[in-house]
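Here the numbering used here is used: the first residue of the sequence shown is 160, the next is one more, and so on.
A quick write-up on the structure given underneath.
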Amino acid sequence: MSPLYRLGCPLWDCPEWQGSLYKPGAPAAQWLSQYSRVFRTVEEPTSRDGKVDLRKVKRWCRTTSDDFRFVLPFPRSVTDDAMLQGELLDLDPFLDLLSVLQDHDRLGPSRLQLPATFDVQMLPVLEQFLESMPVEFPIAVEAQHPDFFADAPAGRKLHRLLKRLRLDRSIVAEWDPDDPITQAAANGSRRIRFPEQVRCDATGPMPMLRLCGARLDQLLVPTWLDVWADVVADWIVKKKRPYVFIDVENVSDGPVIAEMFHERVQALLPEVAAMSRWPGRGMAVQLQLF
160 MSPLYRLGCP LWDCPEWQGS LYKPGAPAAQ WLSQYSRVFR TVEEPTSRDG KVDLRKVKRW
220 CRTTSDDFRF VLPFPRSVTD DAMLQGELLD LDPFLDLLSV LQDHDRLGPS RLQLPATFDV
280 QMLPVLEQFL ESMPVEFPIA VEAQHPDFFA DAPAGRKLHR LLKRLRLDRS IVAEWDPDDP
340 ITQAAANGSR RIRFPEQVRC DATGPMPMLR LCGARLDQLL VPTWLDVWAD VVADWIVKKK
400 RPYVFIDVEN VSDGPVIAEM FHERVQALLP EVAAMSRWPG RGMAVQLQLF
């Protein structure tokens with residue numbers, strides 16, 4: 160049965176996880192298999208640099224179970240170099256990778272991280288690009304230009320475009336002491352009014368949330384996690400199937416913070432299933448994760 164939401168990290172290639180998430184001394188060739196026993200998705204960062212080939216993707220599919228999904232970010236050659244248009248745009252190698260994942264039922268939303276120079280004036284380019292993509296490939300768009308955050312009309316235009324196309328948005332929630340959401344959470348408030356530009360109403364069926372930058376010691380009083388767990392639980396109640404990635408300052412803390420986050424989602428929604436025991440943990444306890 161498909162999980163109610165998918166929680167994961169932005170990589171699985173992490174030697175520091177041996178003895179916790181992974182079995183002590185487990186060779187690197189076994190890490191993805193052990194990771195996929197606990198989590199149901201991963202983002203493969205090397206696709207941003209065009210370093211993923213068909214042989215790797217086919218090997219990943221053989222290594223993981225049927226309910227696992229890969230998120231491949233679009234290559235920088237497409238987003239930053241070609242700016243989604245022109246003679247430099249070559250999508251075929253990337254689409255070939257997505258096709259293999261789709262054929263093996265391992266395809267999650269591809270994250271389209273727009274460059275910081277991609278402003279509201281470029282929205283027609285984005286619209287044309289998204290409309291040209293095969294409809295069978297899900298996409299989550301991540302904007303970075305200040306227009307989409309400092310200027311509410313620009314954010315609304317992007318939101319309307321994605322909603323019309325039934326495509327998702329990738330929301331970056333960054334632990335930042337100067338951010339009003341972080342400040343409110345640090346003061347113990349869960350009744351946070353999100354700025355209009357941080358649109359948490361989903362535009363498509365699989366909204367994506369990336370929790371970035373926090374350290375484990377900052378989350379010992381984890382109201383910040385509570386705030387975003389509320390958002391994810393609301394998406395689930397509305398029959399969405401969110402993807403959540405824990406992309407924190409110290410990568411070795413990622414699985415622990417993911418576990419903390421999931422405990423909060425499950426406290427809100429008991430129907431969210433528990434996670435399998437971590438392969439590297441010797442004690443036979445049942446931990447909480449989707």
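In this text, a Cβ means the ideal position worked out from N, Cα and C, and glycines have one as well.
Would the beta-carbon of residue i fall within 8 angstroms of that of residue j?
| i | j | result |
| --- | --- | --- |
| V424 | A373 | no |
| M365 | P401 | yes |
| L163 | P414 | no |
| I416 | L378 | yes |
| R328 | A299 | yes |
| S411 | W176 | yes |
| C371 | E333 | yes |
| V386 | I340 | yes |
| L257 | W219 | no |
| S384 | F420 | Correcting the residue type first, residue 384 is Leu in the shown sequence and not Ser. Closer than 8 angstroms, so yes. |
| K399 | A426 | no |
| R165 | R199 | yes |
| Q356 | F288 | no |
| L320 | E295 | no |
| D255 | L213 | yes |
| A343 | I351 | yes |
Using 8 angstroms for Cβ pairs, my map puts residue i next to residue j. What's the rounded Cβ distance?
| i | j | result |
| --- | --- | --- |
| L368 | V407 | Actually they do not touch by this definition, with Cβ atoms about 13 angstroms apart. |
| F227 | V237 | No, F227 and V237 are not in contact; Cβ-Cβ is about 25 angstroms, not under 8 angstroms. |
| P336 | P297 | With 8 angstroms as the limit, P336 and P297 do not qualify as a contact, their Cβ atoms being about 34 angstroms apart. |
| K316 | L282 | 6 angstroms |
| L375 | N409 | 7 angstroms |
| L271 | F229 | In fact, because the Cβ distance is near 15 angstroms, the residues do not count as touching under 8 angstroms. |
| Q193 | A185 | 6 angstroms |
| S224 | S195 | 6 angstroms |
May I ask which residues mark the beginning and end of the beta strand (DSSP E) holding residue i?
| i | result |
| --- | --- |
| T200 | T200 to E202 |
| R403 | In the sequence under discussion, the amino acid at residue 403 is Val, which differs from the Arg named in the question. Note, V403: beta strand (DSSP E), Y402 to D406. |
| R228 | R228 to V230 |
| R461 | Any question about residue 461 goes unanswered here, given that the chain covers just 160 to 449. |
What residue range is occupied by the uninterrupted alpha helix (DSSP H) comprising residue i?
| i | result |
| --- | --- |
| C220 | L213 to T222 |
| G184 | Careful: G184 lies outside any alpha helix (DSSP H) and carries neither H nor E. |
| L191 | W190 to V197 |
Sufficient close CB pairs (3 or more, under 8 angstroms) joining the segment 202-213 to the segment 227-234: yes
The segment 298-312 / the segment 273-282 touching (three or more Cβ pairs under 8 angstroms): yes
Contact between the segment 195-204 and the segment 236-248 (3+ Cβ pairs under 8 angstroms): no
The segment 248-268 contacting the segment 424-441, beta-carbon criterion three pairs below 8 angstroms: Segments in contact, no.
Uninterrupted alpha helix (DSSP H) stretches inside the segment 321-392 (no shorter than 4 residues): Counting only runs of at least 4 residues, the segment 321-392 fully encloses the following alpha helix (DSSP H) elements, listed from N- to C-terminal order: 339-345.
Segments of 3+ residues assigned as beta strand (DSSP E) that fall wholly inside the segment 277-304: 298-301
Length-filtered (4 minimum) alpha helix (DSSP H) runs lying within the segment 239-274: 251-262
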